[in-house]
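**Student:** Chains as they are written, first to last, in the working numbering: chain S, 1 to 275; chain Y, 276 to 354.
1. Which residues in the same chain have their Cβ closer than 8 angstroms to the Cβ of residue 354/Y, if we skip the five residues on either side of it in sequence?
2. Looking only at its chain, what residues have a beta carbon closer than 8 angstroms to the beta carbon of residue 323/Y, apart from the 5 residues adjacent to it on each side?
3. Helix, strand or coil for residue 238/S, going by three-state DSSP, please let me know.
4. Check each residue of the region 40-61 of chain S: if its Cβ is closer than 8 angstroms to any Cβ of chain Y, include it; give the result in chain order.
5. Please go through the same chain and pick out, in chain order, the residues whose beta-carbon is closer than 7 angstroms to the beta-carbon of residue 246/S, but skip the five residues on each side of it.
6. Within 10 angstroms of the Cβ of residue 49/S, are there 16 or more other Cβ atoms? Answer buried if so, exposed if not.
7. Taking the alpha carbon of residue 181/S as the point to measure from, which residue in 150/S, 126/S and 193/S has its own alpha carbon closest?
8. By Cβ distance below 7 angstroms, which residues in the same chain neighbour residue 189/S in space, the five residues on each side in sequence not counted?
9. Tell me, please, whether the CB atom of residue 291/Y is closer than 8 angstroms to any CB atom in chain S?
10. For residue 303/Y, verify whether its CB is less than 7 angstroms away from any heavy atom of the ligand FMN.
11. Output needed for residue 173/S: all residues of its chain with C-beta closer than 8 angstroms, excluding positions within five of it in sequence on either side, in chain order.
12. Of the choices 98/S, 104/S, 45/S and 36/S, whose alpha-carbon is the least far from that of residue 138/S?
13. Of the choices 226/S, 144/S and 218/S, whose alpha-carbon is the least far from that of residue 251/S?
14. Am I right that residue 244/S and residue 28/S are in contact with their C-beta atoms under 8 angstroms? What's the rounded C-beta distance?
15. Check each residue of the region 318-330 of chain Y: if its Cβ is closer than 7 angstroms to any Cβ of chain S, include it; give the result in chain order.
16. Which ranges does the beta strand (DSSP E) cover as unbroken runs of at least 3 residues, wholly within the region 90-175 of chain S, from first to last along the chain?
17. Could you list which residues in chain S have their beta carbon closer than 9 angstroms to that of residue 348/Y, in chain order?
18. By the three-class DSSP mapping on this structure, what secondary structure does residue 87/S have?
19. Quick check: what's the CA-CA separation for residue 127/S versus residue 325/Y?
20. Count the CB pairs spanning the region 227-245 of chain S and the region 13-20 of chain S that are closer than 8 angstroms, and state whether there are at least three.
21. Quick one: give me the first and last residue of the alpha helix (DSSP H) that residue 78/S is part of.
22. Helix or strand or just coil, what does DSSP make of residue 297/Y?
This is the structure:
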């Protein structure tokens, strides 16, 4: 990635990314769950300047109403602020995820899908086998599949092989707020899949985690709890927006390599100043 | 002579499961009719029967059978 000085000065103007034919500026994908009120959610969406918000679907008896949250999201959609990315949260098998995906497409009228197939209840770690099977079928069915996956390189390659246009590896388990637990694996993914759109999804707790992901060259960050569970979610949405922009700008500018020895920054020469 | 006439007028109900709860519908009830009886707008929910998605366009011709498990899904917030 070679950035020109003008790109770095004003990355928003030229630093775009794409999902299919959809061109996006914001690299901040925001979840909509767990906010203290619909108004706080609406303000967080606005402040974040996100262009993609995630939503879900649930059995009607269990959903117990949404207290106006969905109306807020749909309003943001109408105002052109954001596109919807429905998820298949709660699915444990490819079969279940495929059925839910079709329902999501009908309800939300979008082929975009955040594919989640959980394989472990404690960590909510994605099941790679069910995930790939579901992705293969859903791509065949015309979905644009955003797979929530681990940082395992081979699984990621299989997901690309079956037609996923991008990948969403975890930073840490969902809602844990631990940040990037395995920078080596994430760095490896970035290096081995240089042309793939990679979005860090899950585990982000602090804006510095998001900035770190962007500095490493990831294309975007998806998070939810870090904003919705903050003391002041709207302010935190703003903080994340700034961190993601800063991290991206740093990546474009080129972060200096770390080294194990000191290099004097002030060019005073090798001799002592005073004897 | 009166018994068969009475039988013809009686609505025969069949048991189904609706969102995991026992429910009864008249024999021959379609999925669309079930939603209407629940005051659900067609576009407000997605439907599955026995774990299989039933598209909105097919609900009108989908006749519920005894023991069918109907699930209704609605939009919620999500991460």
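The beta-carbon is built from N, C-alpha and C at its ideal position, and this holds for glycine as well. Bear in mind the structure is a predicted one, so any value in this text is a computation, not a measurement.
**Tutor:** Let me spell this out:
1. The residue labelled residue 354/Y in the question sits at position 79 within the second chain. For residue 354/Y, where only same-chain residues beyond five positions count, there are no Cβ hits under 8 angstroms.
2. In the second chain, the residue the question calls residue 323/Y occupies position 48. Take residue 323/Y, set aside five residues on each side of it, and the residues of its chain with a beta-carbon closer than 8 angstroms to its own are 329, 345, 346 and 348, in chain order.
3. The count along the first chain starts at 1 and reaches residue 238/S at position 238. In this structure, residue 238/S counts as helix in the three-state DSSP scheme.
4. Within the region 40-61 of chain S, the residues whose Cβ lies closer than 8 angstroms to some Cβ of chain Y are 41, 54, 55, 56, 57, 58, 59, 60 and 61, listed in chain order.
5. Locating residue 246/S in the first chain gives position 246, where the first residue counts as 1. Within the same chain, and ignoring the five residues on either side of residue 246/S in sequence, the residues whose Cβ sits closer than 7 angstroms to its Cβ are 211.
6. Counted from its first residue, the first chain places residue 49/S at position 49. Counting Cβ neighbours within 10 Å, residue 49/S comes out buried, since at least 16 surround it.
7. Counting from one through the first chain, the residue named residue 181/S turns up at place 181. Considering only alpha carbons, the answer is 150/S.
8. Position 189 of the first chain, counted from the start, is the residue given in the question as residue 189/S. Taken in chain order, the residues that qualify are 151, 153, 156, 169 and 198.
9. Numbered from 1 along the second chain, position 16 holds the residue referred to as residue 291/Y. Not closer than 8 angstroms to any Cβ of chain S, the Cβ of residue 291/Y fails to qualify, so no.
10. As presented, the structure is devoid of all ligands, the ligand FMN included, so that no description of it is given.
11. The residue you call residue 173/S lines up with position 173 of the first chain. If we look at residue 173/S and ignore the five residues flanking it on each side, its Cβ neighbours are 123, 124, 125, 202 and 203.
12. Within the first chain, residue 138/S is the residue found at index 138, counting from 1. For the options 98/S, 104/S, 45/S and 36/S, the alpha carbon positioned closest to that of residue 138/S is the one of 98/S.
13. On the first chain, residue 251/S is found 251 positions in, with the first residue counted as 1. In terms of CA proximity to residue 251/S, 218/S leads the group 226/S, 144/S and 218/S.
14. By 1-based counting over the first chain, the position of residue 244/S is 244. By 1-based counting over the first chain, the position of residue 28/S is 28. Contact holds; Cβ gap of about 5 angstroms.
15. Taking 7 angstroms as the Cβ-Cβ cut-off against chain S, the residues of the region 318-330 of chain Y that qualify are 320, 321, 323, 326, 327, 328 and 330.
16. For the region 90-175 of chain S, whole beta strand (DSSP E) runs of length 3 or above, ordered along the chain, are 112-115, 144-149 and 166-169.
17. Counting from 1 along the second chain, the entry for residue 348/Y is found at position 73. Result: 57, 58, 59, 60, 63, 100, 103, 104 and 107.
18. Walking along the first chain from the start, residue 87/S turns up at place 87. In this structure, DSSP gives residue 87/S an extended state, which the three-state scheme calls strand.
19. One-based indexing of the first chain puts residue 127/S at position 127. One-based indexing of the second chain puts residue 325/Y at position 50. In this model, residue 127/S and residue 325/Y are separated by some 24 angstroms (Cα to Cα).
20. Flag = no, the region 227-245 of chain S and the region 13-20 of chain S do not touch.
21. Here residue 78/S corresponds to residue number 78 of the first chain, with the count starting at 1. For residue 78/S, the enclosing alpha helix (DSSP H) covers residues 69-78.
22. For the purposes of this step, residue 297/Y is taken as the residue at position 22 of the second chain. Note: residue 297/Y maps to strand in three-state DSSP.
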